[in-house]
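In our numbering, the protein residues as written are 5 to 649.
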Ligand code: NAP
């Protein structure tokens, strides 16, 4: 019997073999090649030869897989017999790293571009993203305070890096605790839809995640632990909401007006402001006539009312986005009747292990194969994001109408349609209602382990696709005149994502109001800065969202790196503030807009929160993750007007 309680030094061969059966080969072979220095572990014929979320085997056939596992077994046995410490990550030299990367990416690209990014992603050299400078060295006598608005995922990352550089940091958080979206969204079934290997900070990797896609409580605990371990709590003022932020043209500083939970107001001065308020935290209630007339309990998914007992009730859910798709299967277990109102069906990506705990084999691998967790993180990054971009890109010669934007995209559509057919095949009427009539990547995919089809095919669950005409005192009336009587209404209707930074008032140079300036069409340079608002930095700002299921933590870390770089320049040069040049901002936005129109989500007419009221894609980043990383590496002062004290 394999014994996964033993670690590498004392594990027997059977344990090694059993664990390796569950390993992801594109992560396993480079990890072991790096640990042994043996290039024979990454032969060309065992390279992953296909990429995509749909194929966890990376296109390796059964014979290739068993050859790979046999090679891995010999290598791991050797490491065990040599007494290698599995917690020590090997540090390959440049040439060897290039060969490993060539293998892991299937030899499909010019890997040189990815080398530095890979080094960071693999944490080679122990947190290479740590600022390599300290304020004391650059400007010991200059008072310089950074105010960060929000202690969610982005705000914590910013606070951590700025503290590492020795900056005076104050974090202002409206809630009573850290965690942002993971504190506020407590609906049943709430969990992340990106592997936690990737949905985690590069500087706080865990090899002991309990689930592949952690549930809300696990993630909230993770962010609490990061705040604790890195001493961030002392710098956070909880229950403190920022109502306005105003630039003082003479002093070249910012004043933040705050109000605490008891209504006490306070003004806080700062040299720089980092807004980390998130994009998806102001619930959007639908503009349906009569919403206020309903007499029973009604609430939004992000404001879940746990005092309402759904057991035995008739419940309506409006919306079938990522949030609703998570809570519908859970509440269907309790409700007497569940009526799901769907306006647009989603494309579902099969993820059989979506709600599973991580098994003992994979836990063992992550603990005992040197570097495996890091290479696994890179493999997730590669197969679920970077390698998917071509399938989301419009081929101008492809004539797929609304249904597809390229041959690759159409292949994806057929695969995903096949998945729905397999799930709903016994129910042709329902199948017709759930197959999207728009190209994949126009909206965000939803991960599925089969729960969606199982739930919608229950006798006590009804899917309604007729347009909603009104909400009445007793239920929801559809356009055909049917009144669906219910006891409770739950709105899974998303967020006011286009209202960036609302309802905070932000006033820049010369009294310029940010929201008037944007007029509902938020833009920024790199999603971080905008002209007229010196030293005002945004995290998860305009055009920094991803459709391909990448990790938003990756973006936040890139943004934070850039902000830290800007503050370094301020301290090095003695400048009071930097204000991005309008032409740099405008040219950047033209490039973003042009590229978004080459992506499935940009050309599709389907309803999404990616576009604002002007029809512009104001949310999404249309290039590769590598490009965002490259562009946020090093701020160029030539992009800025430099304001002296
Ligand atoms: P969402 O994706 O915006 O979905 C809102 C749903 O409500 C859609 O089905 C929408 O229909 C429907 N809707 C809106 N207004 C309506 C109306 N007037 N009448 C009928 N239906 C209406 O919101 P969400 O599900 O909260 O997700 C938002 C984003 O949060 C996601 O895209 C994702 O980025 C993130 N998220 C992530 C996770 C995760 O990681 N697991 C979980 C939840 C959310 P249409 O499609 O027709 O607009």
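Note that beta-carbon positions come from the ideal geometry of N, C-alpha and C, so glycine has one too.
Residue 368 Cβ short of 7 angstroms to the ligand NAP heavy atom set: Here residue 368 refers to the residue found at position 364 when the chain shown is read from its first residue. The answer is no for residue 368.
Pocket of the ligand NAP (residues with CB nearer than 5 angstroms to any heavy atom), chain order: 196, 197, 284, 290, 323, 324, 325, 326, 327, 347, 348, 448, 497, 498, 611 and 613
Per DSSP, the bridge partner or partners of residue 34: For the purposes of this step, residue 34 is taken as residue 30 along the chain shown, with counting starting at 1. Per DSSP, none; premise fails for residue 34.
Who does residue 247 pair with in a DSSP beta bridge? For the purposes of this step, residue 247 is taken as the residue at position 243 of the chain shown. Answer is none; residue 247 lacks a bridge partner.
Around the Cβ of residue 216, are there at least 16 other Cβ atoms within 10 angstroms (buried) or fewer (exposed)? Residue numbering aside, residue 216 sits at position 212 when the chain shown is read from its first letter. By the neighbour-count rule (16 or more Cβ atoms within 10 Å), residue 216 is buried.
Suppose you measure from the CA of residue 454 to the CA of residue 255; what does that come to, to the nearest Å? Taking the first residue of the chain shown as position 1, residue 454 is located at position 450. Taking the first residue of the chain shown as position 1, residue 255 is located at position 251. Roughly 59 angstroms separates the two Cα atoms.
Roughly how many whole angstroms lie between the Cα atoms of residue 283 and residue 509? Residue numbering aside, residue 283 sits at position 279 when the chain shown is read from its first letter. Residue numbering aside, residue 509 sits at position 505 when the chain shown is read from its first letter. Those two C-alpha atoms are separated by around 16 angstroms.
Assign residue 265 to buried or exposed, taking buried as 16 or more other Cβ atoms, counted over all protein chains shown, within 10 Å of its Cβ. For the purposes of this step, residue 265 is taken as residue 261 along the chain shown, with counting starting at 1. Answer is exposed; the Cβ neighbour count stays below 16.
Below 8 angstroms between beta carbons: does that hold for residue 547 and residue 456? Taking the first residue of the chain shown as position 1, residue 547 is located at position 543. Taking the first residue of the chain shown as position 1, residue 456 is located at position 452. Cβ atoms of residue 547 and residue 456: not closer than 8 angstroms.
Pick from 573, 622 and 229 that is closest to residue 593, judged by C-alpha positions: Locating residue 593 in the chain shown gives position 589, where the first residue counts as 1. Closest by alpha carbon: 622.
Can you tell me the Cα-Cα spacing of residue 141 and residue 572, whole angstroms? By 1-based counting over the chain shown, the position of residue 141 is 137. By 1-based counting over the chain shown, the position of residue 572 is 568. Cα-Cα distance, rounded: 11 angstroms.
Just the Cα atoms here: how many angstroms apart are residue 6 and residue 39? Here residue 6 refers to the residue found at position 2 when the chain shown is read from its first residue. Here residue 39 refers to the residue found at position 35 when the chain shown is read from its first residue. Their backbone Cα atoms lie some 23 angstroms apart in a straight line.
Taking Cβ to Cβ, would you say residue 245 is nearer than 8 angstroms to residue 262? Taking the chain shown and counting its residues from 1, the one referred to as residue 245 is at position 241. Taking the chain shown and counting its residues from 1, the one referred to as residue 262 is at position 258. The answer is yes: Cβ separation under 8 angstroms.
Same chain, Cβ closer than 8 angstroms to residue 82, five either side skipped, listed in chain order: Position 78 of the chain shown, counted from the start, is the residue given in the question as residue 82. Hits under 8 angstroms: 40.
Would you say the stretch 417–430 touches the stretch 298–313, given that touching needs at least three Cβ pairs under 8 angstroms? no
In DSSP terms, what residue 351 is bridged to: Here the question's residue 351 lines up with position 347 in the chain shown. Partner(s): none; residue 351 has no beta bridge.
Where do the ends of the beta strand (DSSP E) carrying residue 479 lie? The count along the chain shown starts at 1 and reaches residue 479 at position 475. Taken as a continuous stretch (DSSP letters only), the beta strand (DSSP E) holding residue 479 covers 479–482.
Decide if the stretch 477–495 is in contact with the stretch 432–440; the criterion is three or more beta carbon pairs, one per stretch, under 8 angstroms apart. no
Residue of 61, 35 and 68 minimising C-alpha distance to residue 48: The residue you call residue 48 lines up with position 44 of the chain shown. The shortest Cα separation from residue 48 among 61, 35 and 68 belongs to 68.
Which stretch, first to last residue, makes up the alpha helix (DSSP H) that contains residue 149? As a first step, residue 149 must be located in the chain shown, where it is residue number 145. No alpha helix (DSSP H) holds residue 149; the beta strand (DSSP E) holding it covers 149–153.
Whether residue 311 touches residue 191 by CB criterion (8 angstroms): Along the chain shown, read from residue 1 onward, the residue named residue 311 stands at position 307. Along the chain shown, read from residue 1 onward, the residue named residue 191 stands at position 187. Contact flag unset, no.
How big is the Cα-Cα spacing for residue 372 and residue 107? If you number the chain shown from 1, residue 372 lands on position 368. If you number the chain shown from 1, residue 107 lands on position 103. Using only the alpha carbons, I get a separation of about 22 angstroms.
For the alpha helix (DSSP H) that residue 587 lies in, which residues bound it at each end? Here the question's residue 587 lines up with position 583 in the chain shown. Where residue 587 is concerned, the enclosing alpha helix (DSSP H) stretches over 586–600.
Is it right to say residue 488 is buried, meaning 16 or more other beta carbons lie within 10 angstroms of its own, or is it exposed? Position 484 of the chain shown, counted from the first residue, corresponds to residue 488. Classification for residue 488: buried.
Using the Cα positions of residue 89 and residue 128, report the straight-line distance between them to the nearest angstrom. Along the chain shown, read from residue 1 onward, the residue named residue 89 stands at position 85. Along the chain shown, read from residue 1 onward, the residue named residue 128 stands at position 124. Answer to the nearest angstrom: the Cα atoms are 16 angstroms apart.
Quick check: what's the CA-CA separation for residue 229 versus residue 293? Position 225 of the chain shown, counting from 1, holds the residue named residue 229. Position 289 of the chain shown, counting from 1, holds the residue named residue 293. Rounded to whole angstroms, residue 229 to residue 293 spans 44 angstroms at the Cα level.
Does DSSP classify residue 118 as helix, strand or coil? Residue mapping note: residue 118 aligns to position 114 of the chain shown, counting from 1. Residue state, collapsed to three classes: helix.
Hey, residue 397 and residue 602 are a contact pair by Cβ (cut 8 angstroms); roughly how many whole angstroms apart? Within the chain shown, residue 397 is the residue found at index 393, counting from 1. Within the chain shown, residue 602 is the residue found at index 598, counting from 1. Confirmed, Cβ separation roughly 6 angstroms.
Fully enclosed by the stretch 307–392, which alpha helix (DSSP H) runs are 4 residues long or longer? 326–335, 364–372 and 376–388
Can you give me the C-alpha to C-alpha distance between residue 576 and residue 641, rounded to a whole angstrom? Numbered from its first residue, the chain shown carries residue 576 at position 572. Numbered from its first residue, the chain shown carries residue 641 at position 637. If I take the Cα positions, the gap works out to 12 angstroms.
How big is the Cα-Cα spacing for residue 498 and residue 121? Taking the chain shown and counting its residues from 1, the one referred to as residue 498 is at position 494. Taking the chain shown and counting its residues from 1, the one referred to as residue 121 is at position 117. When rounded, the distance between both Cα atoms is 33 angstroms.
Report yes or no: do three or more beta-carbon pairs, one from the stretch 376–384 and one from the stretch 21–40, lie closer than 8 angstroms? yes
Where residue 268 sits in the DSSP three-state scheme: Here residue 268 refers to the residue found at position 264 when the chain shown is read from its first residue. Residue state, collapsed to three classes: coil.
When 12, 432, 286 and 605 are compared against residue 178, the one with the closest alpha-carbon: Locating residue 178 in the chain shown gives position 174, where the first residue counts as 1. Per the Cα distances, 286.
Sequence-distant residues of the same chain with beta carbon closer than 7 angstroms to residue 51, five excluded per side: Here residue 51 refers to the residue found at position 47 when the chain shown is read from its first residue. If we look at residue 51 and ignore the five residues flanking it on each side, its Cβ neighbours are 107, 110 and 111.
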